[in-house]
Structure formats: C-alpha cells, structure tokens
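Quick notes on the structure that follows.
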Amino acid sequence: MSAAERPRRRNEPSGRDGRGRDGRGRGEQSRGRGPEERRGRGGAAGGRVSAARLVAYDVLRDVENRDAYANLALPARIREARLNPRDAALATELAAGTLRGRGRYDRIIELASGRDISEVDSRTRNVLRLGAHQLLGMRTAAHAAVNESVELQRRVANERAAGFVNGVLRAIERADGAAWDARIGETATSADEALADRTSHPAWVLRALRAALQSEGRESELEDLLAADNLAPRVSLALLPGAGIDAETAEALGIDVDRGEATVTASGPSPLGLELRGGDPGRAIDALDAPEGTVRVQDQGSQLAALALSRVRPVAAGERWLDLCAGPGGKTAVLAAEAALGGASLRANEVSEHRAELVSRAVVAHEGDVEIVCRDGRDDGAFGGPDARFDRILIDAPCSGLGALRRRPEARWRKTPEDLPMLTALQGELFDSAVRHLAPGGVIAYVTCSPHLAETRVVVAGALKRHPGLRELDARAVLNAVARDALDLPGPQLGAQLWPHRHGTDGMFVALVAMN
Ligand SMILES: C[S@@+](CC[C@H](N)C(=O)[O-])C[C@H]1O[C@@H](n2cnc3c(N)ncnc32)[C@H](O)[C@@H]1O
C-alpha cells in the first residue's frame, strides 16, 4: 500500500526529544567535531559535509547499487577516505544504523513528505534516510543533521531537491521518535504492519520470528527480539584450545587495548568466549599474544554450535570428523582445535573456491592437519568417495541468515520469502548426503544461523522421517553442559534455538542426530 493510500492524520506530531540546550544530541555532545568533519568537502553552495557522512552515504549506495555487504564496504570506504578512528566509528554508526532502521525511517519519510518512498529519487532517499537516522536514532544536533543532509543532497544528488530534503527533515525534527511511532501505528492497516514498520523489519520476517518464538511458548519476547536485532552486537572472541590461556586467565591479565579504553572480559555463554568492551578486536588479539589463529573474532552462538558437536560425547582417538559447509571457516577453526585435543582428524568442505581459501586461513593454527576440499556437499566427492564414513559431521547449512540481522544490517532487506524453498531443498539434500556418509553410531550437528522454522525444525523432522535409522539427541542438554551457565532453552523440542535478546548470541539453531 502506498503512503498516499494509507490513512493519515492532518497535523504533524509535535514535541521534542531530550536534546541539550545547544540542540546537540548526547553522542555528539561528548564526541565534538573531529578534524575529518572540519575538512569535509564543501557542497555547491559552499557548505560542509563531514567525511564520515560522505563515507556513510557511499556505503548506502554501494549496498543499493552494487549489492555490496555493508560489513565489507564500510572498512573499504573508511580506508579510502582515511578516516581517523573516531570518524570511522561515526561513519559506521551512520551507515549501519541507517541500514538497520531503513524500514522505520522510510515510513517516517513517507508520513513527513506525503509521498510514497518509491517515488523519491534513490539518491535523495538515502540522504533522507541518513538524516532521519541522525535525528531519531543518534540524536545528532538537529541543525547539524538537517544542514549537512541538505549539503549532502547538493553534493551527491539532485541540487534542485535540496529544499525538499530540508522540508522533510525539518518536519521529522519537529516530533520525537515516540510520536512518530505513534503516527506509524495510527496509519498502519494492521497491528503487524505497525510493529514491522516501527521495528524496521519486513513483515514476513516478523511473522517467521514470531512463529519460532511461539514454538517455544515465548511469543511474548517478540518485541525484545526485534529490538535486539536493531542493536550492534558486542564483539566476541573465541579463545581456542591451543591459545595457552583460558578466557578467565585472559580477563585476569587485564588485557588493556586502545590505551586503556577497552578490556576483554570472560563473559557470554561460550566457555571459549571473551567479550571486547569497545576498542579494536585486532589490537585485543595482538595484546593477548597467543599463537596465530588461536584467538579469533567469532559470535558465541557459533562457538557453542561447533562445541555441541565436538563435546556431544568424549572423543575417541582416530575419529573422523567432517565440516560439510565450512566457509569461511569460523566453526572449522573450533573443530580443528578440538579435534587436535582429542586425536581426531578433520576434513573441511566448501563449495565456493574463494570461501575454501578463507577456511585454510581460518585454520592456520592447525595448518596441515585439516584436509580442505572444494566440492558440492551433495556429491560423494565432498566426503572423499562413496564409501567414506565420518564419526561426526557438521552441516552448518546455507540459510536465510535471519538469526544474524543485527550483524548484517542490510540483510533483512535482501532476503525474500521466495528464497526459502530453494534454501530448504538444499538443506534437506545436504542432510541426506551427510546421512549417507555417517558411520554407525556417528553424530550429525545440523546448524543454521536462522530461526525460521522451515529451515530448522522442519528440515530436521524431514530428515528423521526419511532416515528411520536416525534419532534426535537432546541438543539443549548438550549445550547446557557445554555453556558457562545454564541456558534458557524452553519448549518441548530437543533442538536448541539461541537468540540475540535472550542469550546475547546470533540466532543459531542446533540439532543433533545420531545413527543407530
Ligand atoms: C552458514 S555458511 C557456513 C559458515 C561456516 N561454517 C563458519 O562458521 O564460518 C554456509 C556455507 O555453505 C556453503 N555452501 C552453499 N552451498 C553448498 C553446497 N552445496 N555444498 C557445500 N557448501 C555449500 C556456502 O558457500 C557457505 O560458505
């Protein structure tokens, strides 16, 4: 439904947010203006646009026009513009926050302008989104957000629409976020549409997340989950066996990076997990001074998923393990460390050559110990032939990624429900292929970074039906035994669903099945 079609209130909401007297939001009050901002290139009318805003705009364009991933485009653009760390952080917040909040900002732009967002030129749209995020998501000083957006419009888009940008942002600025959310609710055609717009999620994603929570009897957590998707995750590190220190020791060492601005803490659910309190992960890794490749940036849900397989039962020396969909190798690195401890061998397969290359870099701590192959996981070649059998197989399946929305700011706008049939068919085929190569008594861990039931419990149920020799193990009990503290994993199912809002991890699903 277009903006014009939706019911609309006549008067714009009024009221202001809690800005300081100079109109600057908290973030910018403490940050001040850096040299990069002062150096910003002048627009046609001689105004200034900060370098951070130009970088953020370029990233939005890269994502829209070149299908770029924001987490790759951002560092490239930041390097190119030679931003200092403070401006790099500002550019990151501007770009990632705008991408995450896009759905809400688009609706607010529609309400403020009286135009359907699709009728606004794509360059102007991105200028407006960035401006809306500064006004409503960052509490940037209103004059800075509006003036720099107008200059940005002059510089990168259609100069004649600068007045339009000014008018729309001034209208947005006249109300606070809560008033705009109320307005979204009043003009929505359904409660789901209002919630989806307010929390910046496509409605189909919202419904899928609700269904997954419902299956655990926790529908009441939906708004907490949607809010968690809109927060940048804290950086987690995995301290792999072989690093020579455990997480508690690392914390006790008081690792101090970035001149005391950041420390690592032994926190989060994974027993290998460290959390970085601000600062640069590369410097934290260097400061820990562990053997190369034994400290890695990795979500703690991913750590737990790999450990669920390696620790489901004691390892017998000589066991054969396979990581079927290994790229870029995060879980392979955990499995390689665990296999080395227990005397197991590890083969890692990945269909994409580029991602197989990333796997070899990820397992640098166990170079030569991991056999890396590049095949389609549905072919016997991925396993080393039709008769090859493995004691443990990880299927970290290609999936919609709906569990990692906080980490991939643009992902929610890229996926569509139409992607699912292809993905679930592939997931089932990879499962069948793994079952064909599972040794008697062997265990498969089926993992997705999606909580969508069609990709999780339905795929497992289908595999159990097709392969009567398989039985499902209690993955929740295994994860609880592995985790630092007991995990809240409700519901009747044996498969475990981790959640950003509840566990602080990506929304990883883990099921364990064994061959009788
Ligand atoms: C969720 S990712 C795996 C993440 C990885 N386990 C990690 O922790 O870093 C899924 C991977 O499966 C790969 N893939 C997709 N189709 C495949 C297939 N038919 N056979 C094997 N791998 C496949 C993708 O290229 C992607 O690298």
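In this text, residue positions in the sequence shown follow full-length UniProt numbering: the first is 1, and each later residue adds one. From the three backbone atoms N, C-alpha and C, an ideal C-beta is built for every residue, glycine too. From a predicted model like this one, the values you see are computed outputs, not experimental measurements.
Check                                                                                                                      : Outcome
Limits of the unbroken beta strand (DSSP E) element including G273                                                         : 273-276
Sub-7 Å separation of L99 and P409 beta-carbons                                                                            : yes
N480 beta carbon less than 7 Å from that of L473                                                                           : no
The region 315-333 / the region 376-393 touching (three or more Cβ pairs under 8 Å)                                        : yes
Assumed close pair A81, V55 - CB separation to whole angstroms, cut-off 8 Å                                                : 5 Å
Residue nearest to D246 in terms of C-alpha spacing, selected from P421, T265, P386                                        : T265
Beta-carbon proximity of G507 to G403, cut-off 7 Å                                                                         : yes
Opposing strand residues paired with N349 [DSSP bridges]                                                                   : V373
Residue nearest to P233 in terms of C-alpha spacing, selected from F431, G491, N71, R355                                   : N71
Three CB pairs or more closer than 8 Å across the region 295-304 and the region 329-339                                    : yes
Contact test: D396 Cβ vs ligand 1 heavy atom, cutoff 6 Å                                                                   : yes
Rounded C-alpha distance that separates A132 from I109                                                                     : 8 Å
Beta-carbon gap between L341 and V295 smaller than 7 Å                                                                     : no
Exposure of K415, with buried meaning 16 or more beta-carbon neighbours within 10 Å                                        : buried
Contact test: P241 Cβ vs ligand 1 heavy atom, cutoff 6 Å                                                                   : no
Residue span of the alpha helix (DSSP H) that contains E292, given as start and end                                        : That residue, E292, is in no alpha helix (DSSP H); it is neither H nor E in DSSP.
Beta-carbon contacts of R207 that lie in its chain and below 8 Å, excluding the five residues immediately before and after : D192
With 16 other Cβ atoms within 10 Å as the buried cut-off, status of G25                                                    : Only weak support is given to the placement of G25: the predicted model assigns it a pLDDT of 33, under 50, and the value that follows is read from those uncertain coordinates. Buried: at least 16 other Cβ atoms inside 10 Å.
Residue from F509, G385, A365, A227 with nearest C-alpha to L494                                                           : F509
Residues that DSSP places opposite S200 in a beta bridge                                                                   : None, per the DSSP bridge assignment.
Beta strand (DSSP E) runs wholly inside the region 380-463, at least 3 long, in chain order                                : 390-396, 438-448
Beta carbon of S236 nearer than 7 Å to that of G282                                                                        : no
Member of P451, A388, D116 whose CA lies at the smallest distance from the CA of P440                                      : A388
Per-residue burial, D87 [other beta carbons within 10 Å of its own, 16 or more giving buried]                              : buried
Alpha carbon of A51 to alpha carbon of L83, nearest angstrom                                                               : 7 Å
Any non-hydrogen atom of ligand 1 within 6 Å of P328 CB                                                                    : yes
Continuous beta strand (DSSP E) stretch holding A238: start and end                                                        : 236-239
Distance between A336 and M515 (C-alpha atoms, nearest Å)                                                                  : 23 Å
Rounded straight-line distance, which links the Cα of A382 to that of A317                                                 : 23 Å
Distance CB(A212)-CB(L453) smaller than 7 Å                                                                                : yes
Heavy atom of ligand 1 within 6 Å of V156 beta-carbon                                                                      : no
Residue from S310, S122, L135, P468 whose Cα sits closest to the Cα of A475                                                : S310
Residue range of the beta strand (DSSP E) that includes E186                                                               : From DSSP, E186 is part of no beta strand (DSSP E) but of the alpha helix (DSSP H) over 177-187.
Residue burial classification, A348 (beta-carbon count within 10 angstroms, cutoff 16)                                     : buried
For A511, the first and last residue of its enclosing beta strand (DSSP E)                                                 : 509-515
For W321, the residue or residues it bridges with in DSSP                                                                  : L346, R392
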